[in-house]
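Report on the following structure.
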Amino acid sequence: MKNILVPTDFSDNATNALDYAVQLARVFKGRLLLFHNINYPLNYADSNIFTPTDLGLGVTTAYPGGYFPNQELERIHQENLAQAANQIRQKTHQGFPVETLFKYGSLTDNLHEIVRDNQIDLVVMGTRGASTFLERLMGTNTADVITKSPIPVLAVPPDAAFTPPTRIAFAADLEIETDIFINQLLGFAEPFGAEITLVHINKTAVKPDQTKEAQTRAKFLAKYPSQRLQLIERTGKTVAKGIENFIQDYGANLLAVGIHEHSFFHSVFYSSVPEQMVFHNTIPVLALPEKPAKRS
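Structure, rendered in structure tokens:
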């Protein structure tokens, strides 16, 4: 986790996520890349899709139907980035490199390019304030990035102050291959000496088969004998409620999830169903991709 990318729109939520990322960079002894994006279509000649409110997105009219980058607005954003970077350097006493980047265009496309060109290992983003986990993530840039990112994305809730993630809960789906997610999680957790608990929720009132549960646990622990890992199974009316209850009981300070095409958490970021609406979360969520980018 040497290179950390932090997209920001200079909001309070983004600033809180940046503060969290700074603490991670201290531990990882990595590089912090602070990024601001202005999203607008690049092919706009003779277009009538813009409205007067689009001027606030960083475009300015040059002729009827034509819009071009607003140089003054860009200068202001660049200054904001530089100021934020300088404040970090002063607070950390130049403890790690801090760089800035500004781009126009699609946030998701630009992020993919930055991740590739800068060998980014982790994206840290803030989430908006809302009453439920789903509402904080659905319909936001964070949700879009999570479902498409080739590297782990850490989503930081608005009120989440940094706490070393020493107790990590991983929402495990034992019906799919979990190794690809666990290996990514171990890379994140190792510098903190974190304890990782894989929690599997059975959506049934029937108590799990203890023999089968013991066999699954033994097989798992044999695969990772030297790691601080444990596996538990619980029952719950819904996956969301079961995980929420476990987080509260366990005192987890970070939740990790695998974003698999058929997983519960993949659907969290794409759809709205009743069981997801009950999931209140106040700790950061580390989303792990099914097909992570390979690093040289």
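Residue numbers (my numbering): 1181 to 1476. Virtual Cβ for every residue (Gly too), placed ideally from N, Cα, C.
- request: Tell me Ile-1136's beta-bridge partners as DSSP assigns them.
  value: Examination of residue 1136 is not possible in this model, given that the chain is present from 1181 through 1476 alone.
query: Residues in its own chain within less than 6 Å of Gly-1236 by CB, not counting five upstream and five downstream?
result: Residue placement at Gly-1236 is poorly supported in this model, since its pLDDT is 42, which falls under 50; the coordinates still yield a value, given next. For Gly-1236, there are no CB contacts under 6 Å within the same chain when 5 residues up- and downstream are skipped.
task: Give me whichever residues DSSP pairs with Pro-1187 in a beta bridge.
output: Answer by DSSP bridge pairing, in chain order: Phe-1215.
Thr-1327 - DSSP class collapsed to helix/strand/coil: Three-state DSSP puts Thr-1327 in a helix.
- prompt: What do you reckon, are the CB atoms on Val-1336 and Pro-1464 nearer than 8 Å?
  reply: Yes; because the gap between Cβ atoms is below 8 Å, this pair is in contact.
message: Alpha carbons only, please: which of Val-1202, Asn-1250, Lys-1328, Glu-1259 is nearest the one belonging to Thr-1501?
response: Since the displayed the chain opens at 1181 and closes at 1476, residue 1501 lies outside it and no answer follows.
task: Specify, as a first and last residue, the run of the alpha helix (DSSP H) that Thr-1418 falls within.
output: Per DSSP, Thr-1418 is not a residue of any alpha helix (DSSP H), being assigned neither H nor E.
field: Segment contact, 8 Å Cβ cut-off, at least three pairs: the region 1325-1343 with the region 1402-1419
entry: The region 1402-1419 and the region 1325-1343 do not touch, with fewer than three beta-carbon pairs separated by less than 8 Å.
message: Between the alpha carbons of Tyr-1284 and Ile-1348, how many angstroms are there, rounded?
response: Cα-Cα distance, rounded: 36 Å.
task: Name the residue from Phe-1372, Glu-1252, Pro-1187, Pro-1277 whose alpha carbon lies nearest to the alpha carbon of Gly-1210.
output: That would be Pro-1277, whose Cα lies nearest to the Cα of Gly-1210.
Beta-carbon gap between Leu-1365 and Phe-1342 smaller than 8 Å: No, they are not a contact pair.
task: Leaving out five residues on either side along the sequence, give the residues of the same chain with a beta carbon under 6 Å from the beta carbon of Leu-1409.
output: These residues qualify, in order along the chain: Ile-1376.
Gly-1367: first and last residue of the uninterrupted alpha helix (DSSP H) it sits in: Element bounds for Gly-1367: 1359-1369.
query: Tell me which same chain residues have a C-beta within less than 7 Å of the C-beta of Ala-1402, skipping the five on either side of it?
result: If we look at Ala-1402 and ignore the five residues flanking it on each side, it has no Cβ neighbours.
- request: Identify the continuous alpha helix (DSSP H) that holds Ile-1284 and give its terminal residues.
  value: As written in the sequence, residue 1284 is Tyr, which differs from the Ile given in the question. Bounds of any alpha helix (DSSP H) do not take in Tyr-1284; it lies within the beta strand (DSSP E) bounded by 1278-1284.
message: Quick check on DSSP: helix, strand or coil for Ile-1294?
response: Helix, per DSSP.
task: With a 10 Å radius around its C-beta and 16 neighbouring C-beta atoms as the bar for buried, classify Ile-1256 as buried or exposed.
output: So Ile-1256 counts as exposed.
- prompt: What are the boundary residues of the beta strand (DSSP E) that Asp-1335 is part of?
  reply: Looking at the sequence provided, one finds Ala at residue 1335 rather than Asp. In the DSSP assignment, Ala-1335 falls within the unbroken beta strand (DSSP E) covering 1333-1336.
query: For Leu-1334 versus Val-1304, is the C-beta spacing smaller than 8 Å?
result: A contact, by the Cβ cut-off of 8 Å.
- prompt: Out of curiosity, what's the CA-to-CA distance linking Asp-1199 and Ile-1381?
  reply: C-alpha separation (whole angstroms): 33 Å.
- request: With DSSP collapsed to three states, give me the class of Gln-1274.
  value: Residue state for Gln-1274 is assigned as coil, using DSSP reduced to three classes.
task: Leaving aside the five residues before and after Ile-1439 along the sequence, list all residues of the same chain whose C-beta is less than 7 Å from its C-beta, in chain order.
output: Within the same chain, Ile-1439 has close Cβ partners Ile-1326, Thr-1327, Phe-1445, His-1446, Ala-1467, Leu-1468, Pro-1469, Glu-1470.
- prompt: Which residue's Cα is closest to the Cα of Ala-1264: Asp-1429, Thr-1188, Phe-1426?
  reply: For Ala-1264, the closest C-alpha among the options Asp-1429, Thr-1188, Phe-1426 is that of Thr-1188.
- prompt: Taking C-beta to C-beta, are Glu-1279 and Leu-1213 nearer than 8 Å?
  reply: Cβ distance < 8 Å, so Glu-1279 and Leu-1213 count as in contact.
- prompt: Can you give the Cα-Cα distance for Thr-1322 and Asn-1266, rounded to whole angstroms?
  reply: If you take the alpha carbons of Thr-1322 and Asn-1266, they lie about 25 Å apart.
Three-way DSSP call (helix, strand, coil) for Gln-1395 in this model: In the displayed model, Gln-1395 falls within a helix according to three-state DSSP.
- prompt: In angstroms, rounded to a whole number, what distance separates the CA positions of Ile-1360 and Gly-1367?
  reply: Approximately 11 Å, taken between the alpha carbons.
Assigned exposure category for Ala-1374 - 16 Cβ within 10 Å defines buried: By the 16-neighbour rule on beta-carbons within 10 angstroms, Ala-1374 is buried.
task: In the DSSP assignment, find the unbroken alpha helix (DSSP H) run with Ala-1467 in it and report its ends.
output: Not the alpha helix (DSSP H): Ala-1467 falls in the beta strand (DSSP E), residues 1465-1469.
- prompt: Where do the N-terminal and C-terminal ends of the alpha helix (DSSP H) with Asn-1193 fall, by residue?
  reply: From DSSP, the alpha helix (DSSP H) with Asn-1193 extends over 1192-1208.
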